[in-house]
Ligand code: HEM
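In the working numbering, the protein residues as written are 1483 to 1710.
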C-alpha cells in the first residue's frame, strides 16, 4: 500500500479542505443564528451564581489576553510580506510573535485555567453547568496550551519553519490548493493546534462562543434603532 499517498492525501484534506469546510459551516451557522435565532444567542452569566475572585480575575485575564492572541493570529499569519517589510524584517516579526504572542498566550492561559477551576469546583456554578459548558472550557484550555507549546517549538526552529506557517495560512486563505505542502515538515503540536482551531471554528456558531460576535452586533443594531 502506498503510505506516502495516504499521508499526503490526509495532509491535503486536513490542512486545505477541512479549513474550507469549517469556514463554510461557520459562515452558514453564523448567518442562521444571527438571522433566524438571534434572540437565542447568549452567554448565560454565572455571575449571579457566584460573584467570586476566580470569575473576576479569570474573566478579565482571559478576555484581554484573547483579544491580543486574536490580533496576533490575523497579523502574524495572514499579513503578506509587502504589508510589513518596510517596517520590520521577517526575523523581527518572528521575535515579535514569540514575545508578544507568548506573553498574551500566558495571560490567556492563566485566565482560562481560573475559569475552568471555577466551573469544576465552585458548587453553584458546577451544579448549573451543562456538559457542553465543561467540554468547551476544557477545549479552550487545550487550544491555548497547544498554541503556547507551538510557540516553544517555534523558538527551537529556524526562520523558514516559522515562515512556512505563514505561507500555509496565506495560501489557504487565497485558495491555493498546494498550500498544505508547507506543513509537511511542521511539528505535531502545531498541526494539533491548527486542527483543534478549525474544530472550534466549526462548532463556534452552535456554542456560547457566539456571544463574541452576536452581542457586539446587537449593541450596534440596537444603538442605530435607538433602543439604547
Ligand atoms: C483556525 C484556527 C487557528 C489557527 C490556524 C491557529 C494557528 C496558530 C499558529 C500557527 C500558532 C503558532 C504561532 C507561532 O508559533 O509563532 C498559534 C499560536 C497560538 N494560538 Fe492559535 N490558531 C488557531 C486558533 C486559535 C484559537 C481559537 C486560540 C485560543 C482559543 C488560539 C490560541 C493560540 C495561542 C495562545 C498561541 C500562542 C501564542 C500566540 O502566538 O498567539 N489559536 N496559532
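Just so you know, even glycine gets a beta-carbon here, dropped at the ideal spot from N, CA and C.
- Message: Does the distance between the C-beta of residue 1570 and the nearest non-hydrogen atom of the ligand HEM fall short of 8 Å?
- Response: no
(message) Let's see if you can read the secondary structure: which residues bound the alpha helix (DSSP H) around residue 1642?
(response) 1641-1655 is the extent of the alpha helix (DSSP H) around residue 1642.
Taking 8 Å as the cut-off, does the region 1663-1674 touch the region 1537-1550 (at least 3 CB pairs, one atom from each stretch)?
no
- prompt: Does residue 1546 come within less than 9 Å of chain C when only Cβ atoms are used?
  reply: Given the protein chain composition of this structure (a single chain), no chain C is represented.
To the nearest angstrom, how far is the alpha carbon of residue 1582 from that of residue 1608?
34 Å
Self-check item: Where residue 1604 falls: helix, strand or coil (DSSP)
Solution: coil
Host alpha helix (DSSP H) of residue 1558 (start-end)
From DSSP, residue 1558 is part of no alpha helix (DSSP H); its letter is neither H nor E.
**Prompt:** Excluding the five sequence neighbours on either side, which residues of its own chain have a C-beta within less than 8 Å of the C-beta of residue 1646, listed in chain order?
**Reply:** The answer, listed in chain order, is 1664, 1665, 1667 and 1668.
Check: Tell me which same chain residues have a C-beta within less than 6 Å of the C-beta of residue 1683, skipping the five on either side of it?
Finding: 1504 and 1508
Q. Alpha carbon to alpha carbon, how far is residue 1649 from residue 1488?
A. 23 Å
State the start and end residues of the unbroken alpha helix (DSSP H) segment that holds residue 1672.
Per DSSP, residue 1672 belongs to the alpha helix (DSSP H) from 1670-1685.
* To do: State yes or no: is the C-beta of residue 1600 within less than 9 Å of the C-beta of residue 1537?
  => yes
Mind checking whether residue 1692 and residue 1512 have CB atoms under 9 Å apart? yes
Considering Cα atoms alone, identify which of 1628, 1615 and 1571 is closest to residue 1688.
Nearest C-alpha to residue 1688: 1615.
Point to revise | Status (buried if at least 16 other CB within 10 Å, exposed otherwise) for residue 1612 | key: exposed
Q | residue 1691, enclosing alpha helix (DSSP H) - first and last residue | A | Neither: residue 1691 is in no alpha helix (DSSP H) and is coded neither H nor E.
### Query
residue 1659 by DSSP, collapsed to three states: which one?
coil
Q) Got a sec? Which residues, its chain only, sit under 7 Å from residue 1679 by beta carbon, not counting five neighbours each side? A) 1625
- In or out: residue 1708 buried (at least 16 other Cβ within 10 Å) or exposed? exposed
Helix, strand or coil for residue 1542? Go by DSSP, reduced to three states. Residue 1542 falls in the helix class under three-state DSSP.
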